[in-house]
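Notes to accompany the following structure.
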Amino acid sequence: MKTSIAGLAMLLCFQNGTAQNKGKIVAPQVPCNETADAADGIYTDHTNPKYGPVNLKGTARERDAMMKRLIAIEQLEEASRKDFKLTGCAARVSFARWGNSNYGKHVYARYGYQLGVYQYVCHVTEHVPKIVDEYRTVFRVDINPFIATGTQAGGTGEFTINGQIRYEIPVEAKEGPGFEKDRKNNPSNVSQYISESDMLANRSTDYKNKHADFLKIINGEGYVENWMSGSQYDKRGSDSYTWVDRHYLITKPGVPLLIPVSRKQYLEDMLEYLEIEKANFLYNHAKMVKECANETADWAKKKMALLEQDKNAYPKIYEAKKAKLKDLLATQKPEWLQKPAVVENNNRTYDAYKRLENLGKFYDAEEEYLSALYVLNPAYFTAPNGQPTQPLFMEIQFRYETGKDSRATERLFNNFVKNFDIDGLKKMIP
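For the sequence shown, the positions run 4 to 433 when my numbering is used.
Below, the structure written as C-alpha cells:
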C-alpha cells in the first residue's frame with residue numbers, strides 16, 4: 004500500500020469535508036509530505052452517532068445486557084492504550100448484533116464490538132492528512148460466534164447411479180411439506196458434523212500445523228493466523244508488507260467446544276441418514292419423471308430410460324448399505340468402534356457404487372481429501388435459561404498490516420498484543 008494519494012486514488016475515496024459543514028471527522032490539518040504517519044490520531048467511541056450502536060436489535064432487556072457487555076469490552080480496549088499515543092490513523096468503535104447462533108437445539112444472541120482503523124494518507128496537492136474511507140485493519144470481539152456445521156462426509160448427499168443423472172439429496176431431513184420445520188428443529192445427525200477444515204476456514208492458513216491449530220481453536224488456547232496476503236512461510240525482508248488475520252477463541256477452561264465422532268456413532272448416524280436418502284431419492288426421482296412425462300423429444304425418452312434403470316438399481320444399493328452398516332456394528336471390536344471417524348470427503352466421488360464400496364472405511368488422520376468428524380460438545384453448549392445474550396464463548400479477531408507503509412496499524416497491533424487484557428474477556432464467560 005502506498006501512503007501517497009496518487010497510489011490510492013483508483014481504489015479509495017477520501018473524507019474531504021469539514022466537521023463544521025458536513026459533520027464528518029477529519030484528520031488534523033497539519034502539513035505533511037508523502038506520509039501522514041506522525042499526525043495525531045483520532046479515536047471515537049460507541050457514542051459517535053455515525054458509528055454508534057444502531058444494530059443492537061432485541062428486547063429492551065437483551066439490548067441492555069448486550070450494551071453493558073460491549074461497553075465493558077470497549078473499556079478493556081481503551082485501557083490497553085493508556086500509555087499509547089495513536090497516530091497516523093482514525094480508530095472508530097461500533098457495536099452490532101449479527102442475529103443468532105444455533106448451537107444444536109440452543110439459540111444464543113450473536114453480537115459484537117468492532118474497532119475499525121482507517122489509515123491517514125498525505126494529499127498529494129494539499130499536503131495535509133486525509134482519512135482513507137475504508138479500513139484494512141480491524142479489531143473485533145464476536146460474542147457467541149457462528150460455527151459452521153454440515154460437513155459432507157463420505158457417503159452422504161448428492162450421488163449418481165448411472166454417471167449421467169445426479170440426484171441432489173438434502174441430508175438434513177426428508178423432503179416434503181415438513182422439510183423446513185424438520186431441518187430446523189430435528190436435523191439429521193450427519194448434517195451436524197464439523198470437520199477440522201470447517202473450524203479453520205478463514206481462521207488459519209498454517210497448513211503445516213493444521214491439527215495443532217484446530218486444537219488451539221476448540222480448546223481456546225493461544226491464537227491462529229489467516230494470512231490475507233502471501234503465506235507465513237514466504238521469505239520476507241524487514242520492511243516486507245503483510246496482511247494477517249489473527250484469531251483467539253475465548254472459551255470455558257477445560258471444556259472443548261467440539262468432541263470427535265466415533266466410528267460407532269458414524270455408522271449409527273449413517274443408518275438414520277440412509278432412511279432420509281431413500282425417501283429423498285424417491286422424491287427427486289418422481290419429480291424428474293414428472294418433468295419428462297409430457298416430453299416427446301429424444302432427450303426426454305433417453306432420460307426416462309435412465310430414470311427407470313436408476314429406480315430399479317437404487318433398492319439394491321440401499322439394502323447393501325444397510326446390511327454393511329449393521330454388519331460392521333455387530334462384528335467389529337469395541338476398541339475399533341470407539342476410534343475417531345475419519346472418512347473421505349464427498350468431493351472424492353459422486354458414484355453410488357463407489358460410495359457403497361467405501362462405506363465403513365476409516366482413516367487415521369484428516370488430510371486434504373479426508374475429514375476427521377466432530378460435533379458440538381453437549382457439555383459445553385447448554386440451554387440459555389432465559390439469558391440468550393450470555394457469552395457462551397467469544398472470538399477475537401485482529402486483522403493487521405505490517406510494513407514501511409503500515410506503521411500506524413502495526414504499532415496499534417503490537418500494543419494490543421502487549422497490553423490488552425484477554426483475561427478480562429475470560430471473566431465474562433460464566
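All C-beta atoms in this analysis are idealised placements derived from N, C-alpha and C, irrespective of residue type, glycine included.
- If you keep only unbroken alpha helix (DSSP H) runs of at least 4 residues inside the segment 191 to 237, you get 199 to 203 and 213 to 222.
- Taking residue 101 as the centre and dropping the five residues before and after it, the same chain places the C-beta of 113 closer than 6 Å to its C-beta, in chain order.
- Of the other Cβ atoms in all chains shown, 16 or more fall within 10 Å of the Cβ of residue 245; this residue is therefore buried.
- The beta carbon of residue 420 is closer than 6 Å to none in its chain, skipping five residues each way along the sequence.
- Secondary structure note for residue 70: its alpha helix (DSSP H) is the uninterrupted segment 63 to 83.
- Taking 8 Å as the upper bound for CB-CB distance, residue 250 and residue 398 are in contact here, some 6 Å apart.
- In the structure shown, residue 295 adopts helical secondary structure according to DSSP, grouped into three states.
- Under the DSSP definition of a beta bridge, residue 401 partners with 142 and 249.
- Collapsing the DSSP output to three states places residue 334 in a helix.
- If you ignore the 5 residues before and after residue 431, its C-beta comes within less than 6 Å of the C-beta of 394, all in its own chain and listed in chain order.
- Sixteen is the threshold: when 16 or more other Cβ atoms of the shown chains lie within 10 Å of the Cβ of residue 229, as they do, the residue is buried.
- In this model, residue 361 and residue 321 are separated by some 14 Å (Cα to Cα).
- Looking at the DSSP output, residue 389 shares a beta bridge with no other residue.
- In this structure, residue 146 lies near residue 72, with their beta-carbon atoms less than 8 Å apart.
- With fewer than 16 other beta carbons inside 10 angstroms of its own, residue 136 counts as exposed.
- In this structure, DSSP gives residue 121 an extended state, which the three-state scheme calls strand.
- Under DSSP, residue 110 shares a beta bridge with 105.
- Contact check for residue 91 against residue 54 fails: the beta carbons are separated by 8 Å or more.
- Here the segment 309 to 329 makes contact with the segment 151 to 168; the two share three or more CB pairs at distances below 8 Å.
- Here residue 97 is bridged, per DSSP, to 117.
- For residue 288, the closest of 263, 212 and 317 by C-alpha to C-alpha distance is 317.
- DSSP, reduced to helix, strand and coil, places residue 396 outside both helices and strands of the structure shown, so it counts as coil.
- Under the DSSP assignment, residue 425 falls outside any beta strand (DSSP E), being part of the alpha helix (DSSP H) whose first and last residues are 425 to 429.
- Cα atoms of residue 61 and residue 111: separation of roughly 12 Å, rounded to the nearest angstrom.
- Residue 227 is positioned such that its CB atom lies closer than 8 Å to that of residue 216.
- The shortest CA-to-CA distance from residue 40 to any of 68, 93, 48 and 78 is the one to 93.
- Collapsing the DSSP output to three states places residue 286 in a helix.
- Selection 263, 97 and 38 evaluated against residue 51 yields 97 as nearest (Cα-Cα).
- A direct Cα-Cα distance of roughly 10 Å separates residue 44 from residue 29.
- The beta carbon of residue 345 lies closer than 8 Å to those of 365, 366, 367, 368, 369, 373, 374, 375 and 376 in the same chain, with the five residues before and after it left out.
- As computed with DSSP, residue 373 is found in a beta bridge with 347 and 370.
- Per DSSP, reduced to three states, the secondary structure at residue 260 is coil, with no helix or strand assignment.
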